[in-house]
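In the working numbering, the protein residues as written are 1 to 385.
The following block contains the structure:
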């Protein structure tokens, strides 16, 4: 793989590299790690990458890599830049013949996401989006419990994603905060685009359903231009009602993503800060706690690498996405036409951007409920990976 972004002091780039490296299926061979050529070379040197394959720009990287023999060139690019660059990097990569794995959100706005879906379809290349939390084994298990009907018809969904790292405005000039709070780099939202969209994706993934309508109230602290807190009421296409709460100013919170799904027959409860446990609740008997890597959990389809009681977490979940994408690339190399996977793809890219923009619109409106466009209404390509 190649990488765009992820230079010195970048948080998510290092996470992507560790995740890609975990299973030994992917080799990082080139990169354009920074807009500053010196920083890019510094990163390349630290990673042991050939200096000739450290590029001053992603455009130069795509041009040079495309000219290499097939057995040498990169096969896909990981995009780990601020949001405003996602579209152009992905566009140029797809058009140059490379598969794309991108950090979320997919683009700066929904218009770009629609264009990207068309470009991806025309290119015939793979596209994946790193909604990390769908990679957790017990999240996959939760989805399977819902899909298999063990919860019955879903009635209510409560999902929350609370952090506290933006509670102190004195840190707004820091590298991670500065671009996320800048509309030119982050888009129309900070909190909802950064973590709220993860919560929405998690709810849709587990429930195997999509958010059809929403009502929202988001807010910004002090002089910030973009939101750092918000609540969204949800109506799912299948009839369930829900509530999504996202905050980056919840003092003391670290990375508290939690979801509860209530069905007619049973309910479930999962928390990212205790990821190896899934609570299954019943009306007429004691609740059960399913644990990762046990036979009962393995039967529900989650990917684990260690025996029970050996915790796996964020990096392993991220690695599960990379592992699945590596398998997709392998199958595409073998010219397999039907590549099915739970890995988030262009459908989730469209849905995520539709969610973010609808939340912003709804919060600024006196109208109570706002329709969230479905993938079929956003693109004619059917949402294939």
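C-beta atoms are modelled at their ideal positions from N, C-alpha and C, and glycine is treated no differently.
query                                                                                                                                                                                   : result
What residue range is occupied by the uninterrupted beta strand (DSSP E) comprising residue 179?                                                                                        : That residue, residue 179, is in no beta strand (DSSP E); its alpha helix (DSSP H) goes 175-180.
Can you give, in chain order, each stretch of the beta strand (DSSP E) that sits fully within the stretch 160-228 and has at least 3 residues?                                          : 211-219
How is residue 238 classed by DSSP in three states: helix, strand or coil?                                                                                                              : coil
Mapping the DSSP letters down to three states, classify residue 342 as helix, strand or coil.                                                                                           : coil
Between the alpha carbons of residue 165 and residue 71, how many angstroms are there, rounded?                                                                                         : 44 Å
Return the chain-ordered list of same chain residues with a C-beta closer than 6 Å to the C-beta of residue 39, the five sequence neighbours on each side being excluded.               : 7 and 8
Answer yes or no: do residue 318 and residue 111 have a C-beta to C-beta separation smaller than 8 Å?                                                                                   : no
Whole angstroms are fine: how far does the CA of residue 2 sit from the CA of residue 17?                                                                                               : 10 Å
So, with DSSP's three-state summary, where would you put residue 36?                                                                                                                    : coil
If we ignore side chains and look at the alpha-carbon of each, how far apart do residue 226 and residue 182 end up?                                                                     : 7 Å
If you count every other CB in all the chains shown that lies within 10 Å of the CB of residue 295, and 16 or more means buried, which is it?                                           : exposed
Mark residue 344 as exposed unless 16 or more other C-beta atoms lie within 10 angstroms of its C-beta, in which case mark it buried.                                                   : buried
Figure out for me which residue from 184, 297, 281 and 159 has the closest Cα to the Cα of residue 271.                                                                                 : 159
Note the first and the last residue of the continuous alpha helix (DSSP H) segment covering residue 320.                                                                                : 314-333
Tell me which same chain residues have a C-beta within less than 7 Å of the C-beta of residue 255, skipping the five on either side of it?                                              : 163, 272 and 273
Ignoring anything shorter than 4 residues, give me the alpha helix (DSSP H) runs that lie fully in the stretch 68-119, in order along the chain.                                        : 83-95
With distances taken Cα to Cα, identify the nearest neighbour of residue 248 among 10, 196, 282 and 114.                                                                                : 196
I'd like the span of the alpha helix (DSSP H) that includes residue 143, first residue to last.                                                                                         : 137-147
Once the 5 residues before and after residue 179 are set aside, which same chain residues still bring their CB inside 6 Å of it?                                                        : 82 and 185
Kindly list the residues whose CB is nearer than 6 Å to the CB of residue 78, restricted to its own chain and excluding five residues on each side of it in sequence; keep chain order. : 1, 3, 16 and 101
Between residue 235 and the rest of its own chain, which residues show a CB-CB distance below 8 Å, the 5 nearest in sequence each way excluded?                                         : 211, 212, 213, 214, 241, 242 and 369
Does the distance from the CB of residue 94 to the CB of residue 67 come in under 8 Å?                                                                                                  : no
Where do the N-terminal and C-terminal ends of the beta strand (DSSP E) with residue 259 fall, by residue?                                                                              : 256-263
If we call anything under 8 Å between Cβ atoms a contact, is residue 259 one with residue 202?                                                                                          : yes
For residue 175 and residue 12, I'd like the C-alpha separation in whole angstroms.                                                                                                     : 12 Å
Does residue 382 pass the burial test, meaning 16 or more other C-beta atoms within 10 Å, or should it be called exposed?                                                               : Low per-residue confidence applies at residue 382: pLDDT is 39, beneath 50, and the placement is therefore not dependable, though the value from the model is reported in the following sentence. With fewer than 16 Cβ atoms within 10 Å of its Cβ, residue 382 is classed as exposed.
In the DSSP assignment, the beta strand (DSSP E) including residue 15 goes from what residue to what residue?                                                                           : Not the beta strand (DSSP E): residue 15 falls in the alpha helix (DSSP H), residues 11-21.
Please report the distance separating the alpha-carbon of residue 360 from that of residue 173.                                                                                         : 24 Å
Residue 365 lies in the alpha helix (DSSP H); which residues open and close that run?                                                                                                   : Segment: none, residue 365 is in no alpha helix (DSSP H) and carries neither H nor E.
By a C-beta neighbour count over all protein chains shown, 10 Å radius and 16 as the cutoff for buried, is residue 316 buried or exposed?                                               : buried
Between which two residues does the beta strand (DSSP E) holding residue 375 run?                                                                                                       : Segment 375-378 is the alpha helix (DSSP H) holding residue 375; no beta strand (DSSP E) there.
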